[in-house]
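In the working numbering, the protein residues as written are 10 to 283. Cβ atoms here follow ideal geometry from the backbone N, Cα and C, with glycine treated the same way. Some notes on the structure that comes next.
Put into structure tokens, the structure is as follows:
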């Protein structure tokens, strides 16, 4: 019994140490964004806290042709649009694949699985050529349209819907409900944990996306925050404080959305493990 307690204490200590090691860079980032410039690399805890870096980001960055506030709104608009579209389209396609029997249903499902085997960067060049030929470079369409549908999201909803009895669907059809009503009023509420997982990962992936926006957008007024922050760091590397403040601002939406959906996310993981 004592050995088991000692082993549990050791495991707890190791996990706690790993957690501190993992979160330390973010703690340093947040603290450094409030430090005076002279304390950023010399002190872990600053002599005094300052908001000058955040004031620079929100007010003075326009003079350097880096509109951070606009970039933040660009990221928010693109991310919310893509996330909402992925949840809606994935739920509809997942319902069609899992609950509606038709000749090519299995073939389409297998194609989705097959497409998921390939990493996304394999399609970047063909997609860029298509976007260029359509004349969509430096537009919001280039940032939004390629991500409106997700094979992974469709697969997740299809798997979740397979566990929902067909009796609910038949009862709704008897009452005169159409297929879209069934999807959004019956199926989607019953798969809320899956919807939260798909929404969370889509939001984080879109918000933090860097390579694709870097390729298709050169206009600073259309850039998302991730690309604008990188360009600012590249050209004005001496402004360390504002770069750190911008990085903190970039992480806030992801942190907030995770805290909001954490309960549903953990429920989804437990259901998946079962």
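Taking 7 Å as the cut-off, the beta carbon of residue 167 is found closer than this to the beta carbon of residue 107. The segment 225-237 makes no contact with the segment 44-52, as fewer than three CB pairs between them are under 8 Å.
For residue 74, no alpha helix (DSSP H) encloses it, and the DSSP letter there is neither H nor E.
In this structure, residue 147 sits near residue 231, with a CB-CB distance shorter than 7 Å. Judged by beta-carbon spacing, residue 66 lies within the 7 Å limit of residue 255, meaning their Cβ atoms are closer than that value. Here residue 75 is buried: its Cβ has 16 or more other Cβ atoms, across all protein chains shown, within 10 Å.
In the DSSP annotation of this structure, the continuous segment of the alpha helix (DSSP H) that includes residue 168 starts and ends at 160-171. Counting only residues of its own chain and dropping the five nearest sequence neighbours on each side, residue 200 has a CB closer than 6 Å to the CB of 169. Residue 65 sits in a helix when the DSSP states are folded into three classes. Between residue 95 and residue 211, the C-beta gap is smaller than 7 Å, which places the two residues in contact. Sequence-distant partners of residue 163 (beyond 5 residues in either direction) whose C-beta falls short of 8 Å from its own C-beta, in its chain, are 98, 99, 102, 103, 106 and 121. Contact check for residue 203 and residue 263: beta-carbon distance about 20 Å, past the 8 Å limit, so the pair fails to qualify. Where residue 176 is concerned, the enclosing alpha helix (DSSP H) starts and stops at 175-183. Per DSSP, the unbroken alpha helix (DSSP H) holding residue 214 starts and ends at 201-216. Counted as a single uninterrupted DSSP element, the alpha helix (DSSP H) harbouring residue 236 occupies residues 234-244. Per DSSP, the unbroken alpha helix (DSSP H) holding residue 119 starts and ends at 114-125. The residue among 114, 221 and 173 with its C-alpha nearest the C-alpha of residue 136 is 221. For residue 196, there is no enclosing alpha helix (DSSP H), as DSSP marks it with neither H nor E.
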